[in-house]
Amino acid sequence: MTAIFDSPAETLGEHIARLAAIEADADSVQIWQPMVVPGLLQSFAYAAAAIRAAAPALPLEVVDERADARRKRIDELGRPGARSISVVIDESALHRPVGGRQALADQLEHLLTLEALQPSLTVRVLPQGGEEHPGLLGAFTLYQAAGRRAVFVESLTDSTISSRPEDVAAYASAWERLTSLALSPQASVQLIDGAWGALCRRGKTTG
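Take the sequence shown: its position 36, counted from the start at 1, is 36 in full-length UniProt numbering, and no numbers get skipped.
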């Protein structure tokens, strides 16, 4: 575990492999995402659109491969056991039509299904119109495995996996603040269901 957390990764392949190893061994995963539904919970069409938006030069077959890999991650993490997966999503992500309105509707339905069927998964929504918070600076994921913690932060051109205590402490504090502001799991599911229902009704009206 120490090697996974601390070993450097010079190439993209090594970096992805290291992140996958941390994720697979994690006892807990805590995800904050202010812009889109997190990759771990994305449906295929939504994932493909998100990947194309971030990397428009990627060949279509690579986009499809990555989208399919994202779709399968929750199956691996959702295996029975002690692992817990906690997600906080900004409410704006429920209304951003990544891939179009139909793709978003399918994504929200997928999100509701995952929340209902994966006992290790907790999804909470940070409502719009709230006060300022440290999550405004961007998305992050905290991992804990065998008593150790690491944080993953990604930007358009770079991504970082850090186990430095000061980095982990800063993001853990941000996570605590976000969860204190987020809706309860039950209220979050109701909000997601309402957004999904509105999209479905709109589709029938305009179809």
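Ideal Cβ placement from N, Cα and C applies to all residues, glycine included.
Report task. List in chain order: all unbroken beta strand (DSSP E) runs of 3+ residues lying wholly within the stretch 73-131. Result -> 84-90 and 121-126
Query - Ala169 (DSSP reduced to helix, strand or coil) - result: helix
Report task. Return yes when the Cβ of Val189 is within less than 8 Å of the Cβ of Leu112, no when it is not. Result -> yes
Requested in this report: May I ask which residues mark the beginning and end of the alpha helix (DSSP H) holding Arg52?
Outcome: Phe44 to Ala54
Query raised in the report: Who are the near neighbours of Leu41 in its chain, counting only those whose CB is closer than 7 Å to its CB and skipping five residues on each side?
Result: Ile74, Val87, Leu111 and Leu114
Query raised in the report: Got a sec, what are the start and stop residues for the beta strand (DSSP E) Thr160 sits in?
Result: Ser159 to Ser162
**Report entry** Arg148 and Ser162 closer than 8 Å at C-beta
**Finding:** no
Query raised in the report: What first and last residue would you give for the beta strand (DSSP E) that runs through Ser28?
Result: Ser28 to Gln33
Report task. On the DSSP bridge assignment, give the partners of Arg149 in chain order. Result -> Gln144
Report task. Would you kindly work out how many angstroms separate the C-alpha atoms of Gly194 and Ala17, rounded to a whole number? Result -> 37 Å
Query raised in the report: If you draw a straight line from the C-alpha of Leu178 to the C-alpha of Val29, how long is it?
Result: 15 Å
Requested in this report: Evaluate the contact criterion for the stretch 133-140 versus the stretch 94-107: three or more CB pairs, one atom per stretch, below 8 Å.
Outcome: no
**Report entry** With 16 other Cβ atoms within 10 Å as the buried cut-off, status of Arg83
**Finding:** buried
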